[in-house]
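Chains Y and H supply the protein sequences, listed in that same order.
Residue 39 in the working numbering is what sits at position 39 of the first sequence, and the numbering runs on without skipping anything.
Residue 137 in the working numbering is what sits at position 137 of the second sequence, and the numbering runs on without skipping anything.
Everything on this sheet refers to the single structure shown next.
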Amino acid sequence: MSSTTPFDSSALIPWYLNGTLATEERRAVESWLVASGSDVELQMWRAVQQQVRIDRAVEPGTELGWRRLRGQLGIAQEATRPAWKWRAALAAGILAIASFQTLILLRQETVHLPLSGTTVASPDAWRLQVRFAERATIRDINALLLRIDAHIADGPSALGVYEISIPRADATNVDDLLQELRREPLIEQVTLPP
Amino acid sequence: MNAPSDIETQSRQWLVEIAAGREAALEQFYRHYHGQAFQFALRLVSNSADAAELANEAMLEVWRSATRFAGDSRVRTWLFGIVNHRAIDLLRRRRRLHSDEVDELIDESPGCSVADVIGGAQDAGRVRACVAQLPERQKAVVHLAFFEELSYPEVAQVLNVPVGTIKTRVMHAKLRLQQCLAGAFADARSLS
């Protein structure tokens with residue numbers, strides 16, 4: 001655009017470098033760079049571009065993330081369900097409440113973080129020993145456990161090792177599960193119990 | 001307008017299928033875009049646990065509202081817009097939208113030595129540290145421009161602000177980066 005100001009030209013350098021400017025804008029930036037007689041901004045942004053391009057943070061495991069999301073889809077579908085179905089859903093829900101309350105009571109016994117003692121191992125869940133990264137806060141750990149559908153079954157030990165429990169239905173192959181958990185940025189170490 | 005790329009065509013097809021309730025299409029969409037959504041979220045909240053949660057929420061939102069994709073932007077731009085919206089909600093809940101991120105003012109006062117800025121920019125570790133200290137809003141612009149290679153109108157669309165605001169954020173970021181790079185270089189020079 002011919003009305004590009006020096007402010008615009010300076011502000012558009014990142015897009016001059018990533019190659020997405022229109023021809024006229026690109027020319028305006030080039031003219032401004034020549035007229036300003038200094039390429040310090042260009043050099044600085046180029047250094048930033050090179051750094052940002054390679055600055056890929058470790059991503060959480062896709063498999064566990066997908067399984068969690070899939071588990072939530074049912075809830076999303078309920079929320080968008082057509083109005084004519086809500087009565088049937090309500091009736092089914094009322095019938096489910098009593099058993100759900102029982103489940104909550106049972107679950108409450110195992111969801112808390114035991115500082116000592118152990119909970120009973122379930123044959124339906126993998127038990128894994130985990131050490132979390134030092135920087136991980138309680139909130140981080142809770143968010144992670146929620147995301148991977150896990151809960152703390154025991155610990156921490158004197159060495160800061162927890163035992164976590166993950167339903168086998170979420171992961172049929174424990175080696176794959178271990179590999180995926182090792183990619184989690186907040187997990188420093190994860191192994192099967194001896 | 002350029003012809004849509006193969007992945008853009010495929011992504012639009014996934015959205016059509018997701019809108020029809022096909023979970024398999026969401027799985028493919030998730031596997032393709034989850035990493036990008038996470039990387040962007042991380043620049044907005046600077047915390048991997050929150051970023052993972054935001055990426056997950058965005059995918060859930062895609063499932064719920066695929067029918068709302070109007071087709072006037074790239075799918076990736078639309079998805080990043082959802083991530084940004086969710087991040088703003090999260091930061092508001094935590095009251096972390098600070099006044100120091102107001103876009104209108106630019107402090108032009110501190111002059112930096114050109115040689116120090118260029119000297120600082122030669123050190124990759126220093127550049128990385130200086131980018132990391134940018135406020136989240138500026139970091140998001142830098143990430144979208146250089147990591148995702150979006151155009152500036154697309155960045156404005158993702159962040160739901162006028163194009164002028166994006167330019168202002170770049171100028172803020174430029175000054176902060178210059179000060180940081182020059183300061184770090186001058187410190188290192190005085191120590192040696």
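Each residue gets a CB set at the ideal place from its N, CA and C atoms; glycine is no exception.
Quiz item: So which residues on chain Y does residue 178 of chain H lean against when the C-beta distance must stay under 7 Å?
Solution: Annotation: Cβ neighbours of residue 178 of chain H in chain Y (cutoff 7 Å, chain order): 44.
Quiz item: Taking the alpha-carbon positions, what's the residue 128 of chain H to residue 39 of chain H distance?
Solution: In this structure, the alpha-carbon of residue 128 of chain H lies about 15 Å from that of residue 39 of chain H.
Quiz item: In terms of residue numbering, what span does the beta strand (DSSP E) encompassing residue 128 of chain Y cover?
Solution: That run of the beta strand (DSSP E) goes 125-132.
Quiz prompt | Close-in-space but distant-in-sequence residues of the same chain around residue 26 of chain Y (CB under 8 Å, 5 per side omitted) | solution = Result list for residue 26 of chain Y: 16, in chain order.
Exercise. Report yes or no: is there a C-beta of chain Y within less than 8 Å of the C-beta of residue 124 of chain H?
Key: Using a Cβ-Cβ cut-off of 8 Å, residue 124 of chain H counts as an interface residue toward chain Y, since at least one Cβ of chain Y sits closer than that to its own.
Quiz prompt | Selected residue, minimal CA-CA separation from residue 178 of chain Y, among Y:162, Y:130 and Y:142 | solution = The option with the nearest alpha carbon to residue 178 of chain Y is Y:130.
Quiz item: What first and last residue would you give for the beta strand (DSSP E) that runs through residue 165 of chain Y?
Solution: Element bounds for residue 165 of chain Y: 162-167.
Quiz item: Is any beta-carbon of chain Y found at less than 8 Å from that of residue 160 of chain H?
Solution: Output row for residue 160 of chain H: interface = no.
Quiz prompt | Selected residue, minimal CA-CA separation from residue 31 of chain H, among H:19, H:21, H:45 and H:14 | solution = Per the Cα distances, H:14.
Practice problem: Look at the Cβ atom of residue 177 of chain H, then the Cβ atom of residue 69 of chain Y, and state whether they are nearer than 8 Å. | Solution: It is not a contact, given that the beta carbons lie outside the stated cut-off.
Exercise. Would you identify the three-state DSSP class for residue 133 of chain H, choosing helix, strand or coil?
Key: Looking at residue 133 of chain H - three-state DSSP - the assignment turns out to be coil, as it is neither helix nor strand.
Quiz item: Per DSSP, residue 197 of chain Y is paired with what?
Solution: With chain Y covering 1 to 194 only, the question about residue 197 of chain Y has no answer from this structure.
Quiz item: Looking only at DSSP bridge pairs, what is residue 191 of chain Y linked to?
Solution: BP columns for residue 191 of chain Y point to Y:129.
Exercise. Using the Cα positions of residue 141 of chain H and residue 124 of chain Y, report the straight-line distance between them to the nearest angstrom.
Key: Between residue 141 of chain H and residue 124 of chain Y, the C-alpha separation is close to 46 Å.
Quiz item: Can we say the region 142-162 of chain Y touches the region 41-61 of chain H, given the rule of at least three CB pairs closer than 8 Å?
Solution: Counting C-beta pairs with one atom in each stretch, the region 142-162 of chain Y and the region 41-61 of chain H have three or more that are closer than 8 Å, which means they touch.
Quiz item: Looking at C-alpha atoms only, which residue of H:35, H:174 and H:121 is the closest neighbour of residue 58 of chain H?
Solution: Of the listed residues, the one whose Cα sits closest to residue 58 of chain H is H:35.
Quiz item: Is it right to say residue 174 of chain Y is buried, meaning 16 or more other beta carbons lie within 10 angstroms of its own, or is it exposed?
Solution: Classification of residue 174 of chain Y: exposed, given that the 10 Å Cβ count is below 16.
Quiz prompt | Beta carbon of residue 75 of chain H nearer than 8 Å to that of residue 8 of chain H | solution = Taking 8 Å as the Cβ cut-off, residue 75 of chain H and residue 8 of chain H qualify as a contacting pair.
Quiz item: Around the Cβ of residue 148 of chain Y, are there at least 16 other Cβ atoms within 10 angstroms (buried) or fewer (exposed)?
Solution: Using a 10 angstroms sphere on the CB of residue 148 of chain Y, the tally of other CB atoms reaches 16 or more, which defines it as buried.
Self-check item: Test: residue 10 of chain Y CB closer than 8 Å to a CB of chain H
Solution: Cβ-Cβ to chain H under 8 Å: yes for residue 10 of chain Y.
Practice problem: Answer yes or no: do residue 136 of chain H and residue 43 of chain H have a C-beta to C-beta separation smaller than 8 Å? | Solution: Closer than 8 Å, so yes.
Practice problem: Starting from the beta carbon of residue 52 of chain Y, find every residue of chain H whose beta carbon is closer than 7 Å, and list them in chain order. | Solution: The contacting residues are 131, 142, 143, 146 and 147.
Quiz prompt | Whole-angstrom C-beta distance between residue 182 of chain H and residue 117 of chain H, which should lie under 8 Å | solution = About 5 Å separates the two Cβ atoms, so the contact holds.
Quiz prompt | Closest Cα partner of residue 190 of chain Y within the set Y:8, Y:72 and Y:127 | solution = Out of Y:8, Y:72 and Y:127, Y:127 has the C-alpha closest to the C-alpha of residue 190 of chain Y.
Practice problem: Taking residue 167 of chain H as the reference, give the member of Y:11, Y:163 and Y:4 with the closest Cα. | Solution: Of Y:11, Y:163 and Y:4, the residue nearest in Cα terms is Y:11.
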